[in-house]
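Novice: The sequence shown maps to residues 22 to 391 in this note's numbering.
Cβ coordinates follow ideal geometry from the N, Cα and C atoms, glycine included.
Computed from a predicted model, the values in this text were never measured in an experiment.
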Amino acid sequence: MKAVILAGGEGTRLRPLTCNHPKAMVPIVNKPLLERTLDYLKEFGVGEAVMALRHFPDPIRQYFGDGAAFGIKMSYSLEATPLGTAGAVKNAEQHIDGECFVFNGDFITDLDLGEMLRFHRENGAVVTIGLVPVENPSTYGVVDLDSQGKVKAFIEKPDWDSVTSNLINAGIYIIEPKVLKLIPPGEHFTFERDVFPALISAGSPVYGFTSRAYWIDVGTPERYLQVHHDILGGKLRRYTTHEPLSEFVSVGEGSTVSPEARLTGPLALDKRCSVEGKAQIVGPVAVGEGCRIGDGSLIESSVVWRDARIGKRVVLKNCLIGENVTIEDDTWITGGAVVGDNCVIGSGNRLDRGIKVWTDKTIDSGTIWF
22 MKAVILAGGE GTRLRPLTCN HPKAMVPIVN KPLLERTLDY LKEFGVGEAV
72 MALRHFPDPI RQYFGDGAAF GIKMSYSLEA TPLGTAGAVK NAEQHIDGEC
122 FVFNGDFITD LDLGEMLRFH RENGAVVTIG LVPVENPSTY GVVDLDSQGK
172 VKAFIEKPDW DSVTSNLINA GIYIIEPKVL KLIPPGEHFT FERDVFPALI
222 SAGSPVYGFT SRAYWIDVGT PERYLQVHHD ILGGKLRRYT THEPLSEFVS
272 VGEGSTVSPE ARLTGPLALD KRCSVEGKAQ IVGPVAVGEG CRIGDGSLIE
322 SSVVWRDARI GKRVVLKNCL IGENVTIEDD TWITGGAVVG DNCVIGSGNR
372 LDRGIKVWTD KTIDSGTIWF
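1. Mind checking residue 344: buried by the 16 CB within 10 Å criterion, or exposed?
2. Per DSSP, which residues does residue 72 bridge with? Please list them.
3. Is DSSP giving residue 256 helix, strand or coil here?
4. Could you check which residue in 74, 77 and 25 has the C-alpha nearest to that of residue 59?
5. Roughly how far, in whole angstroms, is the beta-carbon of residue 229 from the beta-carbon of residue 147, given that I think they are within contact range, below 8 Å?
6. Leaving out the 5 sequence neighbours to the left and right, which residues in its chain are closer than 8 Å to residue 256 when beta-carbon positions are compared?
7. Closer than 8 Å by C-beta to residue 352: which residues in its own chain qualify, once you throw out the five before and the five after it? Chain order, please.
8. In terms of residue numbering, what span does the beta strand (DSSP E) encompassing residue 288 cover?
9. Would you mind working out which of 210, 131, 249 and 193 sits nearest residue 47, comparing C-alpha positions?
10. Taking Cβ positions, are residue 100 and residue 75 nearer each other than 8 Å?
11. Can you list, in chain order, the stretches of the beta strand (DSSP E) that have 3 or more residues and sit fully within the region 74-160?
12. Count the other CB atoms within 10 Å of the CB of residue 265; is the residue buried (16 or more) or exposed (fewer)?
13. Contact between the region 106-116 and the region 70-87 is defined here as three or more beta-carbon pairs at a separation below 8 Å; is this criterion met?
14. Would residue 307 pass as a contact of residue 67 if the rule is Cβ separation under 8 Å?
15. Please classify residue 262 as buried or exposed, where buried requires at least 16 other C-beta atoms within 10 Å of its C-beta.
16. Comparing C-alpha positions only, which one of 191, 86 and 225 sits nearest to residue 231?
17. Compute the beta-carbon to beta-carbon distance between residue 124 and residue 193, rounded to the nearest angstrom, for a pair I have assumed lies under 8 Å.
18. Would residue 213 be called buried (16 or more neighbouring beta carbons within 10 Å of its own) or exposed?
19. Expressed to the nearest angstrom, what Euclidean distance is found between the alpha-carbon atoms of residue 301 and residue 389?
20. Spatial neighbours of residue 104 within its chain, please: C-beta separation below 6 Å, excluding the five flanking residues on both sides.
21. Under DSSP, the beta strand (DSSP E) around residue 58 begins and ends at which residues?
22. What is the rounded straight-line gap between the Cα of residue 164 and the Cα of residue 98?
23. Please report the straight-line C-alpha distance between residue 154 and residue 237, rounded to a whole angstrom.
24. Check residue 48 in the structure and name its three-state DSSP category.
25. If we ignore side chains and look at the alpha-carbon of each, how far apart do residue 282 and residue 297 end up?
26. Which same chain residues end up closer than 6 Å to residue 275 when comparing Cβ atoms and leaving out the 5 residues on each side of it in sequence?
27. Sorted by chain position, which residues of the same chain lie with C-beta nearer than 8 Å to residue 299's C-beta, five sequence neighbours on each side aside?
28. For the beta strand (DSSP E) containing residue 386, list its first residue and its last residue.
29. Tell me, which residues are paired with residue 166 by DSSP?
30. So, are the CB atoms of residue 254 and residue 270 less than 8 Å apart?
31. Compute the Euclidean distance between the alpha carbons of residue 380 and residue 39, then round it to the nearest angstrom.
32. I'd like the span of the beta strand (DSSP E) that includes residue 193, first residue to last.
33. Measuring only the C-alpha atoms, how far is residue 394 from residue 167?
34. Between the alpha carbons of residue 42 and residue 361, how many angstroms are there, rounded?
35. DSSP on residue 245, reduced to helix/strand/coil?
36. Measure the alpha-carbon distance for residue 252 versus residue 245 and round it to whole angstroms.
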């Protein structure tokens, strides 16, 4: 079984974290999102992944290569211009030789792909759409089913007046090769607005596989932080086999922790980190490789990417810190604030209320109290 992974998006909603990185490569508990996706696919017998790429393709190809080091065969399909979800799969047609999974590359889920494939085959479907219920379906593709699970209607991002179901398109499809014949080559074409409505209108067997499994779109800072809380907190069992969860503290190879420091799980401290003096880390927290946390500092409910240098008496709460960031003494970053790569935040600043600091910026000492 093969999977086509749509990973060509620019990740605009997740900026500034995606200014220097493909969205598929942002770390999820210190491991790239795409690597998490591949691990998930392998559990269900997917032996080959076709990456549909456009924006920032090189970091993905350099990291994964032919996939041998990750236990899965990898191939790549590049778009010169945006082709849409269906157009991207059509562009990868040379790599597809039978039914296959299609994945949007920006979510984490626990949906049972084995059961979805069984359902697809039992119903003789040409397309099966993975569905999950959400509280607010208006920002997704909403799907109506009949009593047998056949799709009656597919409405992409409807107005509230048009919402008739809380089941939304989870961005997971199983498609038969004949579906590719409906997609014009080299044109912008989407499953959501072009392929699915046409198939449904023609009465083709398009089915929805409903699951109450964990599912989250990690495309915004708020959801990106939430998925870390969920994984570290044990909501996805495939990621968190440790017991008891509240006491889970993972310290990577080559890291040093002062005997006066206090680490309270769940948290994951990657390789080559230094936790100095009376620093405290209170989970859920993920800290990337090579970070230094100064004496008296506190990190709580946050994600810190690799090579951050955190000074003394710094407070990080409910925030996101990019790569190679320097945060000088007595600074507080809280309330959903996001700091992009290579920034220097001078001493005595207060960043709060979702403020975003773009990449490569320097904020002088005592400049911001927000």
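Specialist: Let me spell this out:
1. The residue labelled residue 344 in the question sits at position 323 within the sequence shown. Classification of residue 344: buried, given that the 10 Å Cβ count is 16 or more.
2. Indexing the sequence shown from 1 puts residue 72 at position 51. Paired residue(s): 26 and 97.
3. Working through the sequence shown from its first residue, we reach residue 256 at position 235. Coil at residue 256, not helix or strand.
4. The sequence position of residue 59 within the sequence shown is 38, counting from 1. Considering only alpha carbons, the answer is 25.
5. By one-based count along the sequence shown, residue 229 stands at place 208. By one-based count along the sequence shown, residue 147 stands at place 126. Actually they are not in contact, since the Cβ atoms of residue 229 and residue 147 sit about 13 Å apart, beyond 8 Å.
6. Numbered from its first residue, the sequence shown carries residue 256 at position 235. Hits under 8 Å: 235.
7. Walking along the sequence shown from the start, residue 352 turns up at place 331. So the list reads 332, 335, 336, 366, 367, 368, 369, 370, 371 and 372, once near-sequence residues are dropped.
8. Your numbering for residue 288 matches position 267 in the sequence shown. Unbroken beta strand (DSSP E) run through residue 288: 288-290.
9. Reading the sequence shown from its first residue, position 26 is the one you call residue 47. The shortest Cα separation from residue 47 among 210, 131, 249 and 193 belongs to 249.
10. Along the sequence shown, one-based indexing puts residue 100 at 79. Along the sequence shown, one-based indexing puts residue 75 at 54. Yes, the Cβ-Cβ distance between residue 100 and residue 75 is below 8 Å.
11. 94-99, 121-125, 128-130 and 148-154
12. By 1-based counting over the sequence shown, the position of residue 265 is 244. Because the pLDDT at residue 265 is just 47, under 50, the model does not fix this residue reliably, and the value given afterwards should be weighed accordingly. Exposed, by the Cβ-count rule.
13. Yes, the region 106-116 is in contact with the region 70-87.
14. Residue 307 sits at position 286 when you count from the first residue of the sequence shown. Residue 67 sits at position 46 when you count from the first residue of the sequence shown. No, Cβ-Cβ distance for residue 307 and residue 67 is not below 8 Å.
15. As a working note, residue 262 is residue 241 in the sequence shown. Note that residue 262 has pLDDT 47, beneath the 50 cutoff, so the model's placement of it is unreliable and the number below is only indicative. That one is exposed.
16. Locating residue 231 in the sequence shown gives position 210, where the first residue counts as 1. For the residues 191, 86 and 225, the minimum Cα distance to residue 231 belongs to 191.
17. On the sequence shown, residue 124 is found 103 positions in, with the first residue counted as 1. On the sequence shown, residue 193 is found 172 positions in, with the first residue counted as 1. Right, their Cβ atoms sit about 6 Å apart.
18. The residue labelled residue 213 in the question sits at position 192 within the sequence shown. By the neighbour-count rule (16 or more Cβ atoms within 10 Å), residue 213 is buried.
19. In the sequence shown, the residue the question calls residue 301 occupies position 280. In the sequence shown, the residue the question calls residue 389 occupies position 368. The straight-line gap from Cα to Cα measures roughly 24 Å.
20. Taking the first residue of the sequence shown as position 1, residue 104 is located at position 83. If we look at residue 104 and ignore the five residues flanking it on each side, its Cβ neighbours are 112 and 209.
21. For the purposes of this step, residue 58 is taken as residue 37 along the sequence shown, with counting starting at 1. Looking at the DSSP string, residue 58 is not in any beta strand (DSSP E); the run it does join, the alpha helix (DSSP H), is 54-64.
22. Here residue 164 refers to the residue found at position 143 when the sequence shown is read from its first residue. Here residue 98 refers to the residue found at position 77 when the sequence shown is read from its first residue. Cα to Cα, the separation comes out at about 29 Å.
23. By 1-based counting over the sequence shown, the position of residue 154 is 133. By 1-based counting over the sequence shown, the position of residue 237 is 216. Approximately 11 Å, taken between the alpha carbons.
24. Within the sequence shown, residue 48 is the residue found at index 27, counting from 1. Looking at residue 48 - three-state DSSP - the assignment turns out to be strand.
25. Counting from one through the sequence shown, the residue named residue 282 turns up at place 261. Counting from one through the sequence shown, the residue named residue 297 turns up at place 276. Rounded to the nearest angstrom, the two C-alpha atoms are 7 Å apart.
26. Here residue 275 is taken as the residue at index 254 of the sequence shown, counted from 1. Excluding positions up to five away in sequence, the list reads 292 and 293.
27. Numbered from 1 along the sequence shown, position 278 holds the residue referred to as residue 299. Answer for residue 299: 279, 281, 282, 283, 316 and 317, listed in chain order.
28. In the sequence shown, residue 386 corresponds to position 365, counting from 1. First-last for residue 386: undefined, no H or E at that position.
29. In the sequence shown, residue 166 corresponds to position 145, counting from 1. Residue 166 is bridged to 172.
30. Residue 254 sits at position 233 when you count from the first residue of the sequence shown. Residue 270 sits at position 249 when you count from the first residue of the sequence shown. Against a cut-off of 8 Å, the Cβ pair of residue 270 and residue 254 comes out as no contact.
31. Numbered from 1 along the sequence shown, position 359 holds the residue referred to as residue 380. Numbered from 1 along the sequence shown, position 18 holds the residue referred to as residue 39. Each residue's Cα considered, the two are about 10 Å apart.
32. Reading the sequence shown from its first residue, position 172 is the one you call residue 193. Segment 188-196, the beta strand (DSSP E) holding residue 193.
33. There is no way to answer for residue 394, as the model of the chain reaches only from 22 to 391.
34. For the purposes of this step, residue 42 is taken as residue 21 along the sequence shown, with counting starting at 1. For the purposes of this step, residue 361 is taken as residue 340 along the sequence shown, with counting starting at 1. If you take the alpha carbons of residue 42 and residue 361, they lie about 11 Å apart.
35. Within the sequence shown, residue 245 is the residue found at index 224, counting from 1. Correct three-state label for residue 245: helix.
36. Counting from 1 along the sequence shown, the entry for residue 252 is found at position 231. Counting from 1 along the sequence shown, the entry for residue 245 is found at position 224. Taking the straight line joining both Cα atoms gives about 11 Å.
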